[in-house]
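> Just so it is clear: in the sequence shown, position 84 is 84 by full-length UniProt numbering, and no numbers are missing.
I have a structure here, written as structure tokens, and I will follow up with some questions on it.
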Amino acid sequence: MRTNLKNLKKQLDDLDRANKAAIVQTVTEEAKQMFQGDAKDVPFIVHEFKAGSNAKALDAALKQVKQFSPNTAAMFFTRDNEKVLCMSSVPVNATSKGLKANEWVQQVSQTIGGKGGGKPESAQATGTNAAALPEAINLAKKFAEMKLA
């Protein structure tokens, strides 16, 4: 009986791991698609991914931005039923213009009912108000436009 339970737990863990890896792969591909053609020249991007509460997926997407469009500031969101996750990366050329990742995250953290922090180049926030995500995305866009204008 213990052996059966142990095997079932291992199978569930393996399935969970495979599911998370698939989400990371899907989000990574979606991020790559964002930077096809003229999109490499955008000063910033704010986007919601369908990654549940998978922080590794957002991190992988931010790495794609750094690789394919190193001068683009990015703020990515994801949510599940209970939680909103926000991660931001800002290149040095944008921080010198006034857009800092930690300040950017602070602008949206209260809207999503949470808190956040980080450094001028990289920051993150979590919150519990998933219903406010569209408002947070609009706020993030307006803040970036204002700072980079």
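Every residue, glycine too, gets a C-beta built ideally from N, C-alpha and C.
#1: If we ignore side chains and look at the alpha-carbon of each, how far apart do P70 and N4 end up?
#2: Please state whether DSSP places M87 in a helix, a strand or coil.
#3: In three-state DSSP terms, what is S122?
#4: Output the distance between the C-alpha atoms of Q11 and M75, rounded to the nearest integer angstrom.
#5: Hey, how far is the Cα of K100 from the Cα of D16?
#6: So, at 8 Å on beta carbons, what are the nonlocal neighbours of K32 in its own chain, with the 5 sequence-adjacent residues on each side left out?
#7: Would you mind sorting K9 into buried or exposed? The rule is 16 or more other CB atoms within 10 Å of its CB.
#8: Verify whether the separation of the beta carbon atoms of K83 and T128 is less than 8 Å.
#9: Quick check on DSSP: helix, strand or coil for M75?
If we stick to the structure as given:
#1: Reading the sequence shown from its first residue, position 70 is the one you call residue 70. Reading the sequence shown from its first residue, position 4 is the one you call residue 4. The straight-line gap from Cα to Cα measures roughly 50 Å.
#2: Position 87 of the sequence shown, counted from the start, is the residue given in the question as residue 87. In the three-state DSSP reduction, M87 falls in the strand class (E or B).
#3: On the sequence shown, residue 122 is found 122 positions in, with the first residue counted as 1. S122: strand per DSSP, three-state reduction.
#4: Within the sequence shown, numbered from 1, the residue matching residue 11 stands at position 11. Within the sequence shown, numbered from 1, the residue matching residue 75 stands at position 75. If you take the alpha carbons of Q11 and M75, they lie about 35 Å apart.
#5: For this step, residue 100 is matched to residue 100 along the sequence shown. For this step, residue 16 is matched to residue 16 along the sequence shown. Going from the Cα of K100 to the Cα of D16 covers about 35 Å.
#6: As a first step, residue 32 must be located in the sequence shown, where it is residue number 32. Once the five neighbours on either side are set aside, the close Cβ partners of K32 are Q64, F68.
#7: Numbered from its first residue, the sequence shown carries residue 9 at position 9. Exposed.
#8: Indexing the sequence shown from 1 puts residue 83 at position 83. Indexing the sequence shown from 1 puts residue 128 at position 128. Yes, the Cβ-Cβ distance between K83 and T128 is below 8 Å.
#9: Translated into positions along the sequence shown, residue 75 becomes position 75. For M75, the three-state secondary structure derived from DSSP is strand.
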